[in-house]
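In what follows, a single structure is set out as structure tokens and then discussed.
Numbering (the numbering used here), first residue to last: 8 to 286.
This is the structure in structure tokens:
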């Protein structure tokens, strides 16, 4: 089934004329989001289940390897970075997971919440560690925590910064892209678009219609560049829990008005509600 899905995935492309890719659909994963971690098999299965809800979609996830810690970031693998704002694990926490994702055809973006840590060394650390995995398709920066650690506002990313980050990623292969995530368009680079994907994680919206309108505006603002969306937040649960199939209904509503959408991700804070683990 998965091989057929991957083949069919090549037939669906977003409306981005710059650099089209198949639609990716899946999940966001962090160490602090779900009540517990059911294991790599669970996340691969969520990616598969989510992707099956959208014609031609590829199983895909956002895998957060660096979380805000103090004023900087904690990376869950050894980085070798000598910086006061970078703390890391002595043990690699992702290698076995990515081995499984390679086998099952689940793609992942590697994301960091940098705080005051420099982003370019983090990009090099992530891809130096994991570029050998076919499942890894790019890296991401949560701009809410870029040059910020007291509140999730972040510092707007300049064109120059975005260009340098893409160059760092592409030094490991031209196929790698960088996503930037925030809920405010003004926090994104003003004109730089090459090699970038723009992810909106807006929440606290009163209805499906309000969410779709918000995401439509995001897509239009960055078109024809690719965009993606995180949804399923607890703050929106009062209305999405009334839907028969929240991941599918929300996702299809987004796709109907955002032709340049390339990513749909259900967040880990409520993932057990819609994709219950078996263990």
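Beta carbons are placed, not taken as given, at the ideal position from N, Cα and C, and that holds for glycine.
Secondary structure, beta strand (DSSP E): runs of 3+ residues fully inside the region 70-113: 79-82 and 93-95
Quick one: which unbroken alpha helix (DSSP H) runs of 4-plus residues sit fully inside the region 203-271? Chain order, please. 215-229, 244-247 and 253-262
If contact is defined by three or more beta carbon pairs under 8 angstroms, each pair taking one atom from either stretch, is the region 238-245 in contact with the region 165-180? no
Buried or exposed: where does residue 211 fall if 16 or more other Cβ atoms within 10 Å of its Cβ makes it buried? When all chains shown are included, residue 211 counts as exposed.
Could you tell me the alpha carbon to alpha carbon distance between residue 55 and residue 72, rounded to whole angstroms? 21 angstroms
Span of the alpha helix (DSSP H) around residue 122: That residue, residue 122, is in no alpha helix (DSSP H); it is neither H nor E in DSSP.
In angstroms, rounded to a whole number, what distance separates the CA positions of residue 160 and residue 67? Those two C-alpha atoms are separated by around 26 angstroms.
For residue 229, which residues from the same chain have a beta carbon less than 8 angstroms from its beta carbon, with the 5 sequence-adjacent residues on both sides left out? 192, 195, 200, 205 and 267
Counting along the chain, where does the alpha helix (DSSP H) carrying residue 170 start and finish? 166-177
Taking only three categories from DSSP, how would you classify residue 279? helix
Alpha carbon to alpha carbon, how far is residue 234 from residue 62? 18 angstroms
Please tell me whether, using a cut-off of 8 angstroms, the distance from the CB of residue 176 to the nearest non-hydrogen atom of the ligand COA is below it. This structure lacks the ligand COA; in fact it carries no ligand of any kind.
For residue 218, does the count of other Cβ atoms within 10 angstroms reach 16, so buried, or fall short, so exposed? buried
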